[in-house]
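Here is the structure we will look at.
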């Protein structure tokens, strides 16, 4: 998976520790479903609002044969402080749920 994994940072510094966290999650995703052909993760810190503190927007784009799965964690859905690590975890959780649906649909067709 690592060679197919791309990590993009927007509006913020690249974080090696966060990239490691992302690689971890991507690896687990691949263990869960081994047909993944690519994964692109975008971590974005939109303009900061003084009263809201930091917010992170994480998007996980997973390519599987014949389908593109996009899962995102949008900080607007939540008030208060967003933790970058938690945002990544949430986005990957959403991606895993979509992958589960995809895998279920596949096994239904072939079964």
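Residue numbers (this note's numbering): 204 to 314. Here a beta-carbon is modelled for each residue, glycine too, at the ideal position from N, C-alpha and C.
How is residue i classed by DSSP in three states: helix, strand or coil?
i	result
residue 241	strand
residue 292	helix
residue 218	coil
residue 306	helix
residue 250	coil
May I have the straight-line CA-CA distance separating residue i from residue j, to the nearest angstrom?
i	j	result
residue 250	residue 213	11 Å
residue 315	residue 257	This structure leaves residue 315 out entirely; the chain is present only between 204 and 314.
residue 283	residue 312	With a pLDDT of 44 at residue 283, under the threshold of 50, the modelled position of this residue cannot be trusted, and the question is left open.
residue 217	residue 247	10 Å
residue 299	residue 306	10 Å
residue 260	residue 222	15 Å
With DSSP as the reference, please indicate the residues paired to residue i in a beta bridge.
i	result
residue 211	245
residue 266	241, 271
residue 260	247
Let me check understanding here. Comparing Cα to Cα, which of the options lies closest to residue i?
i	options	result
residue 236	302, 310, 309, 312	302
residue 240	276, 215, 221, 229	229
residue 265	224, 247, 248, 243	243
residue 245	297, 268, 267, 276	276
residue 210	267, 293, 263	263
residue 273	308, 286, 309, 293	293
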